[in-house]
Amino acid sequence: MKTTSAAELEFDALVQLLGRFISSPLGAAELARVAPGQGRERLEAELAEAGEAIAFLRSSSKLPVPRFSGLADLAQAVEKLRIEGASLEPREIFDLLALLDRAADIKSILLAAAERFPRLGARARSLGDFRALLADLAGKILPDGSVADQASVALARIRREIEKQKKAIHESLERFLRAHQDEGVLQEQIVTIRNERFVVPVVSGQRKRIAGVIHGASSSGHTLFVEPLDTIDLNNDLVRLAEQEMRECHRILREFTERLRGYSESIRQTLAAMGVLELAFAKARFAVEFDCVIPRFSAPPSRRFLLKDARHPLLEDVLRKRRRKPVPATIEMEQDRRTLLISGPNTGGKTVLLKTAGLLVLMAQSGLPVPCAEAELPLFEQVLADIGDNQSIEQSLSTFSAHISHIREMVLEASPDSLVLLDELGAATDPEEGGALGVAVVDHFRAAGAFTLASTHLLALKLYGAGAANVLNASMGFDEQTLEPTYQLRVGLPGKSAGLDIATRLGMPAPVMERARQAMSTRERDLARLLGELHVKLEAVSKLDAELGERRAELAAREKELAKEWEKREKAKLQELERRCEQVLARFEAESRETLAKIRESAGQRKAADQGARKAAKIGRELREEFDNTVLAAAAGVPAEMPRIEEGVRVRLKGIRDLARVRRKIGADRIEVEAGFMKMQVLVEDVLEVLPPVEPAAKLPRNVSFQPAPQLNPAVQEINVIGEHAEEACERVERFLDSAVLATASRVRIVHGHGMGILRKAIAELLAKSPHVEKFYPAPQHEGGAGATIVEIKE
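Numbered according to my numbering, the sequence shown spans residues 596 to 1390.
Here you go:
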């Protein structure tokens, strides 16, 4: 943003509030860079990442949550890695390895959920891979900042020798103490250390009786710390070993530092990504605690300013400590109505509303979730706010002068990409002049195209809001019964200031209030009363509207419940009808089977029995179709409406097994259809069902083939064997009949010609023996007469 009023809107205090959710120096450094900006792509990316972090936290019962606490400030250590030859301190190496280990854990957690949270997964991939380094250096630097014995073979050997040397010195000094314990020269029977050498305490007056080197005295001077001559060489050897240990530790630290220096670029990238991730999860924790949403940004020409049920986060934080909640407010402006004039009682929440709008805009343009139910905002170039008392004694500015100086700068800066916030516009001067100036200022911002929120008590501005284009009047609620503000924003009507009512509630003496009311002009009293009546009526209308909405919802729910109950009842009826139908069909089939069995028992009646069985099965199917098409439709309470019969649609006809296709309409009640190779005219009432168009076959998986079944094509409907030998023709006819059966043809034609009748006779003998043939006969004259045979296929 080019210019903001962040100080007036307490943006720094908001950042401090967000800082409660930061636990490491990496996140704190990232938080320090949070500031309002304008880059749409960057802001939307940051908000999307915060949105994923919010969703991650809300599903944290199933997912481990990344931890950032307990990490040290490693900025100086990372800078050392950039300096060739510089060595890190042991504690710096330990802290850096701990951070890299934590980064590996966080990377593992986020990559495991990368499919659900792709942005967090992408951020996790920017964390370096330090597995080899961590495996090599694990446990070689201890938490107290010392180098572990296993850091090198040489260091382990030196430390073993040091322990042996210390043991030898202790044994030597203990022999010395035992030898002189009865001579009265020792202050105490102990061994201590002075100047990194082992010594014994000697009485200062007995110094000459002990041969050795003095390494200091007590504060009282009564005790001297003497290194006996017998242990000087042993102490010298210990000092030499200690120097070897120090040189080896320094070598190890240089080696470890060089190992880390090889990863320096990846380490810097990892630290930066860790800071970004911690800030994203801090935003998420803030959003969960303050019930925030991710804002979205509108763009010209349909710019929209919407904050639904918005709350000021700092106010909410204060009220929580008092076990109270802020009253949310909804602010909505469009491109063609982008000025909102807010009036109403003192202490009614107007200033808080302006600060809430401004702060939430700054939060959104800083990539932060905002505390409201829904947020859609334009991208602003600047937020210009005149809020509070800007009086300055040093600059000799009165309250009014300070306001005007500030507003003058805002007037010069305003543009269509500005959000303007004006608190108590036109105050601190004569009401008439202040009102005129206020109208002029607001009209300037309106003409400049800025989104403007202004609070006022002045009548001139209220009237301006009622009549000007692109301007909305709004008021903060006031309870006439309790004389207390409700802090609720109402759009559509200006509010009355209620200054006298509030003064009465605050205990102003009655005589003073009576005098004040008498001093009010009749016009002002009438206007105040009119506004009060309008608000009462508006509240009544709002209540009625809410009640009407509830009644509508209740009626819709009742209607849905009745429909469900009716459907359940009709379904039960339908099931009962189906059950009865199944019983009738079952009884019919049982009786028919019994009758057919008796027929089969009679000799020579098997063919008639088979025909009877097929006839019974056909009647059963027809009964089922009739039941489905008529009884069930009627039982469901829905008339069996026939779809429109158009040319080309497929239909199912009474008494005909094959599907037919409509060729054309003949009058109102007849149609011409084609069933196989047959063309016929039927009544519309003979159509049982109009079938839907055939859907194209779905694409088969790779390596899967599809072989279609035989279709009712001309090759199945008719065969021509004229001129062929009888044996060859019979073979072709037999194969032709098999194909016709597979294609469910009911009637086919065999063209054999007249000739000498040999071919016709051979085919007739074949047809008489075929299990597929129901009957055959010479074709009608228009289909070939005696030169062709019509064959009806068994069902």
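By construction, the Cβ of each residue, glycine as well, lies at the ideal position given by its N, Cα and C atoms.
Membership of residue 1046 in the beta strand (DSSP E) is indicated by the continuous run 1046 to 1050. Under DSSP, the beta-bridge partners assigned to residue 795 are 821. Residue 1387 is a Cβ neighbour of residue 1370, given a cutoff of 8 Å. Note on geometry: alpha-carbon atoms of residue 1019 and residue 936 lie some 10 Å from one another. The alpha-carbon of residue 704 is positioned some 8 Å away from that of residue 658.
Counting C-beta atoms within 10 angstroms of its own C-beta, residue 1016 has 16 or more neighbours from the protein chains shown and is therefore classed as buried. In the DSSP secondary-structure assignment, residue 1285 is bridged to 1246. One alpha carbon belongs to residue 1171, the other to residue 1240, and they sit about 33 Å apart.
Between residue 1261 and residue 1280, the alpha-carbon positions lie close to 13 Å from each other. Residue state for residue 1274 is assigned as strand, using DSSP reduced to three classes. Counting only residues of its own chain and dropping the five nearest sequence neighbours on each side, residue 646 has a CB closer than 7 Å to the CB of 889. One Cα belongs to residue 1010, the other to residue 1085, and the distance between them is close to 28 Å.
DSSP, read as helix, strand or coil, puts residue 1065 in coil.
By the neighbour-count criterion, in which a residue is buried when 16 or more other Cβ atoms sit within 10 angstroms of its Cβ, residue 908 is buried. Just measuring C-alpha positions, the residue of 644, 666, 605 and 607 sitting nearest residue 622 is 666. About 7 Å separates the CB atoms of residue 1248 and residue 1268; that is less than 8 Å, so the two are in contact.
Going by beta carbons, residue 794 and residue 821 fall inside the 8 Å limit. With a cutoff of 8 Å on beta-carbon distance, residue 877 and residue 712 are scored as not near each other. Take the alpha-carbon of residue 636 and the one of residue 895: they are about 16 Å apart.
By the CB criterion at 8 Å, residue 868 and residue 722 fall inside the cutoff.
DSSP places residue 607 inside the alpha helix (DSSP H), whose first and last residues are 606 to 614.
Under the DSSP assignment, residue 977 falls in the beta strand (DSSP E) whose first and last residues are 977 to 981. Leaving aside the five residues that flank residue 809 on each side, the residues in its chain whose CB is nearer than 6 Å to its CB run, in chain order, 819 and 821. Exposure of residue 787 is indicated by the presence of fewer than 16 other C-beta atoms within 10 angstroms of its C-beta.
Less than 8 Å separates the beta-carbon of residue 885 from that of residue 911. Residue 1265 and residue 1276 have their C-alpha atoms spaced approximately 7 Å apart. Here residue 690 is buried, its C-beta having at least 16 other C-beta atoms within 10 Å. Beyond the five residues adjoining it in sequence on each side, residue 744 comes within less than 7 Å, by CB distance, of 750, 751 and 754 in the same chain, given in chain order. Residue 973 has 893 as its beta-bridge partners, per DSSP. Cβ neighbours of residue 947 within its own chain (closer than 7 Å, five residues either side excluded): 907 and 910. Only buried fits residue 939, as 16 or more other CB atoms lie within 10 angstroms of its CB. Looking at the backbone, the Cα of residue 789 and that of residue 840 are separated by about 20 Å.
Contact check for residue 977 against residue 596 passes: the beta carbons are separated by less than 8 Å.
Between residue 1056 and residue 934, the beta carbon gap of about 11 Å keeps them out of contact (Cβ cut-off 8 Å). Here DSSP, grouped into helix, strand and coil, assigns residue 904 to strand. Residue 726 is not a Cβ neighbour of residue 859, given a cutoff of 8 Å.
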